[in-house]
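Single-structure report; data block below.
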Amino acid sequence: MTEGRYVEGAARVQRFLASVAVAVLVSSIGVPGVAAAQRNLPAAEQPALPGLTIIAPAAPGGGWDQLAREMQREIERQALTAMVQVENVPGAAGTIGLAQLINGRRGDGGALLVNGLVMLGAILWNQSPVSITQVTPIARLTGEYEIVAVPAASSHRDMQSLVRALRTNPAAVSWGGGSAGGTDHILAGLIVAAAGVDPRRTNYIAFSGGGEAVTALIGGQVTAGISGYSEFAQHIESGRLRAIGISAPRRLADRDVPSLIEQGLDVELENWRAVVAPPGLNDAQKQALTAVVERMAHSESWRATLTRLGWTDSYLAGPAFDQFLDAERVRVGRIVARLRGSSGDANAARAGEWLFPVLVLGASAFVLTVLFVRPSAATRDRRATSAPVVRVALGLVSFAALLNPAGFVAAGTVLFACTASAFGSRRWLRDALLGITLCATVYITFTYGLGVPLPPGLFLTGR
Amino acid sequence: MFLFHQGCSLPGVDDVETLTALASGFAVALTPQNLLWSLAGVTLGTAIGVLPGIGPALTVALLLPVTYSLDPTAAFIMFAGIYYGGMYGGSTTSILLNTPGESASVMSAVEGNLMARAGRGGAALATAAIGSFVAGTLGTAALTVCAPVVVEVALRFGPAEYFALAVLAFVAVSAMVHVHYGESRLNGFASLLFGLLLGVIGIDPLTGVPRLTFGIPQLLDGIDVVVVAVGLFAVGEVLYRASRYHLDPEIVMLRGSLWMTREEWARSWKAWLRGAAIGFPLGALPAGGAEIPTFLSYAVERRLARDPGEFGRGAIEGVAGPEAANNAAAAGTLVPLLALGLPTTATAAIMLAAFQQYGLQPGPLLFQHEPRLVWGLIASLYVGNVMLLVLNLPLVGLWVRLLTIPRPVLYGAILILASAGAYSVNRSAFDVGLLYAIGGVGYLMRCRSIPLAPAIIGVILGPMAEQQLRRALAIAEGSPMVLVTRPISSALLAAALLLLAGPRIVGWWRRR
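Line by line, the protein sequences give chains E and B. Each residue of the first sequence is one higher than the last, beginning at 1 in the working numbering. Each residue of the second sequence is one higher than the last, beginning at 1 in the working numbering.
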C-alpha cells in the first residue's frame, strides 16, 4: 500500500487541481462540508479558534484516526471553531506525524496531534530523533483496554490454550497488531513474558493501520490479533473473530470477555489516547486550544460517543496531565527496553528495510547495462527534430525559475508562449495574450474557486 | 469461505445475492447526483480520449485531489466514467486522425482510418461506438458475476499470496508490452524498475527509516503519484510530440452516413461478440491490460474473414473486433482491481491510488465494508455505457471538432494545467521541478520505445509488494521458502516464471 499523505477535510478538499471545466462543476455543486460548517455557526458563540487541524498520525481506519474524526464531528457540532479538518500522516507508529508537528508546525496554535501510549513506545523502539517532551501537552481524552482475539476458525478457545502453544514454540504463534513498539506489541511481549518465555522471541507482525491488521486476522494469516475493542467490535459481533482476553484489571461489566489476569496471566495495560499541540506555543495559544478540547470533552454528546465506541472517558488536562505524560514515558521506557533486550535485537525487527531497495537497485543496474551495451533494435527516428524540444524545455525551466518570484500568471504565460512556438506557432503576441487569459483563468479558479493559492508574484497581490 | 457462512452476508455467495446487491447498486447509481457525476465522467473521458496526448490515466491523476471533496462513491463513479469514456473517445481519433488517442485504440487506427479515407468514416465510428457499447455491457455483466467469485478466492490470500500476485502483475505488464512496442522485453522491465525505485523513495512506513532521500526533506514524504503520472504522461508526452509535431497526420473529415448498411451490421455483430469474448478474460487476468486483447482480436478477425485481402484496405471487422475487445478488457481489469486491489493498467493503478487516499483498500473486504460504493460503481458502468452510446453516436460531430484545436494551444494548455496541478499537491515549487525532471525521463523513455505503464504500476504497487513480502517473511520466521510452500503463492510465482521464460521455451520448441 502506498504510504502517501492521506489528507481529508474541508480546507485540503479545496487544495485540488483540475481542469477548469471540472473545477467549475465542483464549485457549482459545492463542497458540502464547508458550507455546512459555516451555516452551523451560531451568531452568539464566537469560535475560540479560526480553524483547527487534527493530525491523526496513522492511516484511516485505526484508533487514532477514529478519535480524530470523532473530535472533528463533535467540535463541528458544537461549532467551537470555524473549520476542523483531519489530516492523516501514517507511518512508523505515529512518529512521522510527530516529527512533522515538531519540525513543521512550531508555534502553530491551530493544530492538534492525536497520540497515546503507542507513540511513546514507538519513539523508544525506533530510536526516533524526536521526543514527546518536545511538544505542548494539551489533554488526555480516552482510555481503552486491549483485546486479544483469534479468527472464528481458530482452535484456540482461551488464553491457556494460546499459552500452551507459546511454550511449545513461541515463533509459531504470530501476533498481528499495529506498528512495532506500540501498545499492541508491548502487550504481546508482556503476555509472552508472563507465559514464561523470553519476550524477545515474540513473533510480532506489524501492520501500519488497524484496518490492515484486522483483515489479516480475519483471513487467518496470523495466529492472534491484538487491538482495542473498538477496532475489533464489528467483527466480534458478527462472529468472524473471537475475543479471548482483555487487558483490564478485571472482567468489564458491559462486555463478556475474561481478563488476562483471571486466566492466570499477570498482565494489565491501558491504551490511553491524548492530544498534544506543536512546540513553541505561548500561554494564550495553549489556553485557547485547551478550552476548545475541554468544551468538547465536557459535553453529553461526547460522552455518548465514548460509550458507543467502548472508550473510557479519562479526561485529564493541565499540570496533572504533564506529570502523567512524564510518568508514562518512564514506565513505557522500561517495558520497551525489556522487549528489545540489551543486544541489538531491535535491528532484527528492522532487518529488511534495505532488502527491497537493494534488489531493485541491483536489477536496475543490470537492465541499464544490458540496454546500453546492446544496440537498440529500433533505429533512431531520423525524422524527429530536437529544436522544438529545446523550446519546450526552455519554457519549463523558465516556469520553474519564475514561479515564485514572478508569480503563476507571468511564469505560465512564458511557458505557454514557448510551448506554442515549439509547435510551430509564430504569432507571439496572440500566444502571449492567449497565455495570459488561460493562466489568469486558472489562477482565479484555483485561488478563489478552489482555495488553492497559486503564487501571486509581482503584479497581483494575493489575498 | 467457511469463515463467512455464519451470520454475515457476503454479496455474491450465490446469484440471487449478487442480483440483490446489483439492484441496490442501481439505487445508488441512479440518484440524480450520481447520474450527474457519471455524465461528467463519461463526457470528460470521451473528450480526453479524443484529444491526442492525454488519456484517462493522466486525467484521473489530475483529478485525484478532487476526490477529497467528494463522497467516494461519486468520485469513483466519475473515474470509472472517465476510464470507459476514454475507450470510446480514443477510437474517434484513431479513425479520423490515424493517431490513436489512447493506446488501446492502436489497432482501430489501421482499418478505421482506411475506411475513413474511403468515405466510410461514419460507419467505422458507428461500429466502434455500438461495438464498445455491446462489449462494454457484456464485460460489465461478466464483472458483476466474476468479482464476487474472485472475492471468495481472495479471502484465502495472505501476505505471501499478495506478494506473489504483485510479482505476477509486474512480470505481466513488463514482459507483455513488447507485443505492443515490438521492442526488447527489457524495455518493459527498465520502466518497471524506474517506477519501483521512485516508490522506495521516502520514509519506510514499517521502521521510519528514510530511504533514497539523499537528505532532501521534501522527499521524506515520498514522491506523490500525481507528480509521477502527470510527469510521465503529460510533460513527457508534450516533449515527445514537440519533436515530431511536423509529422502530424492530417484529419480525415467525416463524410458519408453515420448509419451502417445491413451488410455492415451483419459483418460487425459477430466481431463485437468475439472481441468481447477475447477482451474480458484477458483483461480480468492479472496479466493482460487493455492493449493485448485488441491485437489478438484483430488477428482473429483477419483469420476468420471471408476475404482476408480486404484487411489493409478498410475492413469493418478490423474496427468492430478490437474496439469491442478494448472495452470488454477495460471492464475485465476492474475485476482484479476491485477484488484483489491489483491494478494491471495505468488507469487502474491511478484508481488504486485514489482508493488509498480514501483509506479504502480494494480487496475482498471492500465488498463487505463498502457494498454501496462497490455495487454503485458497478451499476454506474451499465448506466455510463448507455450514456456513452448516446454521446458518441448522435453527437460524434462535436467530438470531431475537438480534433481541430490548434496543437500549439492544446499542448500549451496541457503544460499549464499539469504544472498548476503538480504545484498544488503540496504547494511546492519543488514538486514542479520534480514533475519536469520525471517528464524529461518520460520523454527519453518514449524516444527509446520504453513503455510508461509499467513505471506507474511499479510506483503504486511496489510499496505494497515490499510490505507484503516483509510481512510474509516475518510470519514465516524469516524463511523465504514460504513463497513456494504455500500453494496459491507458488502457483502465482510459477505463472510469472512461465510468462518470463515462456517465449524462449516456445522458440526452443519450434527450433527443434
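Every residue, glycine too, gets a C-beta built ideally from N, C-alpha and C.
Going by beta carbon distance, what residues of the same chain come within less than 8 Å of residue i, once the five residues before and after it are set aside?
i        : result
B:Val300 : Arg274, Ile278 and Gly321
B:Leu220 : Gly202, Ile203, Pro210 and Thr213
E:Gly30  : The pLDDT assigned to E:Gly30 is 39, lower than 50, so where the model puts this residue is not dependable, and the model offers no usable value.
E:Ser299 : Glu74 and Gln78
B:Leu193 : Gly458
E:Pro47  : Per-residue confidence for E:Pro47 stands at a pLDDT of 49, beneath the threshold of 50, marking its modelled position as unreliable; the derived number appears in the next sentence. Cβ neighbours of E:Pro47 beyond the five flanking positions: Leu41, Ala79, Leu80, Thr81 and Ala82.
E:Arg391 : Cys418, Thr419, Ser421 and Ala422
B:Gly397 : Leu254
Between residue i and residue j, is the Cβ-Cβ spacing less than 8 Å?
i        : j        : result
E:Leu339 : E:Val267 : no
B:Thr294 : B:Ala453 : no
B:Ala242 : B:Gly283 : no
B:Leu22  : B:Ile378 : yes
E:Leu260 : E:Met159 : yes
E:Val97  : E:Pro151 : Sequence check: residue 97 of chain E is Gly here, not Val. No.
B:Pro451 : B:Gly188 : yes
B:Asn392 : B:Ala47  : no
E:Ser230 : E:Gly333 : no
B:Pro463 : B:Leu473 : no
E:Ala99  : E:Val148 : no
B:Phe364 : B:Leu165 : Correcting the residue type first, residue 364 of chain B is Pro in the shown sequence and not Phe. Taking 8 Å as the Cβ cut-off, B:Pro364 and B:Leu165 do not qualify as a contacting pair.
E:Cys439 : B:Ile54  : no
B:Leu360 : B:Leu337 : no
B:Gly81  : B:Gly41  : yes
Since I believe residue j is in contact with residue i (beta carbons under 8 Å), could you give me their beta-carbon distance rounded to a whole number of angstroms?
i        : j        : result
E:Ala322 : E:Pro455 : Per the sequence shown, the amino acid found at residue 322 of chain E is Asp instead of Ala. Wrong, their Cβ atoms sit about 41 Å apart, outside the cutoff.
E:Val276 : B:Ala190 : Not a contact, Cβ separation roughly 46 Å.
B:Ile305 : B:Glu317 : It is Ala, not Ile, that sits at residue 305 of chain B in the sequence shown. Rounded, the Cβ-Cβ distance is 6 Å, consistent with contact.
E:Val360 : B:Leu186 : Their Cβ separation, rounded to whole angstroms, is 15 Å, which puts E:Val360 and B:Leu186 out of contact at 8 Å.
B:Thr347 : B:Pro52  : Not a contact, Cβ separation roughly 17 Å.
B:Ala104 : B:Ala349 : Incorrect: roughly 15 Å between the Cβ atoms, too far for contact.
B:Phe133 : B:Asn385 : 5 Å
E:Arg280 : E:Gly225 : Arg is not the amino acid found at residue 280 of chain E; the sequence shown has Gly there. Their Cβ separation, rounded to whole angstroms, is 39 Å, which puts E:Gly280 and E:Gly225 out of contact at 8 Å.
B:Ala514 : B:Val150 : Chain B is shown from 1 up to 512; residue 514 of chain B falls before or after that span and cannot be answered.
Leaving out five residues before and five after residue i in sequence, what residues of the same chain have Cβ atoms less than 6 Å from its Cβ?
i        : result
B:Met115 : Ala124 and Gly314
B:Gly376 : Gly25, Val28, Ala29 and Thr73
E:Arg15  : At E:Arg15 the pLDDT is 38, less than 50, meaning the model places this residue with poor confidence; the figure from the coordinates comes in the next sentence. Val452, listed in sequence order.
E:Leu41  : Any reading at E:Leu41 needs caution, since the residue's pLDDT is 41, under 50, leaving its predicted position unreliable; the model's value is listed next. Closer than 6 Å at Cβ, skipping near neighbours: Ala79.
E:Ala206 : Ser179 and Ala180
B:Val167 : Ala496
E:Val84  : Leu52, Gln72, Ile75 and Glu76
E:Phe446 : Val452 and Leu454
E:Leu117 : Thr183, Asn271 and Trp272
So, at 7 Å on beta carbons, what are the nonlocal neighbours of residue i in its own chain, with the 5 sequence-adjacent residues on each side left out?
i        : result
B:Thr459 : Strictly speaking, residue 459 of chain B in this sequence is Val, with Thr absent from that position. Correct list, in chain order: Gly195, Leu198, Gly199, Val225 and Val228.
E:Ala233 : Gly310
B:Thr20  : none
B:Val171 : Ala496, Leu499 and Leu500
E:Ala36  : Low per-residue confidence applies at E:Ala36: pLDDT is 39, beneath 50, and the placement is therefore not dependable, though the value from the model is reported in the following sentence. No residues qualify anywhere along the chain.
B:Glu264 : Ala123, Thr127 and Ile316
Name the chain C residues that come within less than 7 Å of residue i, Cβ to Cβ?
i        : result
E:Gly318 : Among the protein chains of the structure shown, namely E and B, there is no chain C.
The segment 352–373 of chain E: which residues have C-beta closer than 8 Å to a C-beta of chain B, in chain order? Gly352, Glu353, Trp354, Leu355, Phe356, Pro357, Val360, Leu361, Ala363, Ser364, Val367, Leu368, Val370 and Leu371
Determine which residues of the segment 469–492 of chain B have a Cβ less than 8 Å from any Cβ of chain E, and write them out in chain order. Leu469, Arg470, Arg471, Leu473, Ala474, Ile475 and Glu477
Taking only beta carbons into account, state which residues of the segment 159–175 of chain B come closer than 8 Å to chain E, listed in chain order. Pro159
Which runs of the beta strand (DSSP E) fall wholly inside the segment 68–111 of chain B and span at least 3 residues, in chain order? none
Those runs of the alpha helix (DSSP H) which lie wholly inside the segment 117–177 of chain B and span at least 4 residues: 121–154
Relative to chain B, which residues along the segment 422–435 of chain E have a C-beta separation below 8 Å, given in chain order? Ala422, Phe423, Gly424, Ser425, Asp431, Leu434 and Gly435
In chain order, which continuous runs of the alpha helix (DSSP H) of length 4 or greater are located wholly inside the segment 331–387 of chain B? 346–357 and 366–369
Which runs of the beta strand (DSSP E) fall wholly inside the segment 195–231 of chain B and span at least 3 residues, in chain order? none
Select from the segment 394–408 of chain E all residues with a C-beta closer than 8 Å to any C-beta belonging to chain B, and list them in chain order. Gly395, Leu396, Val397, Phe399, Ala400, Leu403, Asn404 and Phe408
Restricting to runs no shorter than 4 residues, where is the alpha helix (DSSP H) found entirely within the segment 54–131 of chain E? 63–78, 95–104 and 117–125
Give the residues from the segment 389–412 of chain B that approach chain E closer than 9 Å (Cβ to any Cβ), ordered along the chain. Pro406, Arg407, Pro408, Val409, Leu410, Tyr411 and Gly412
What are the uninterrupted segments assigned as beta strand (DSSP E) that are 3 or more residues long and contained completely in the segment 254–322 of chain E, given in chain order? 270–277 and 312–317
Just to confirm the assignment: which complete beta strand (DSSP E) runs, minimum length 3, are found wholly within the segment 209–235 of chain E? 224–228
What residues from the segment 266–298 of chain B come within 7 Å of chain E, judged by C-beta to C-beta, listed N to C? none
Tell me which residues of the segment 192–225 of chain B have at least one Cβ-Cβ distance to chain E shorter than 7 Å, keeping chain order. Leu193, Leu196, Leu197, Val200, Ile203, Asp204, Pro205, Leu206, Thr207, Gly208, Val209, Arg211, Leu212, Asp221, Gly222, Asp224 and Val225
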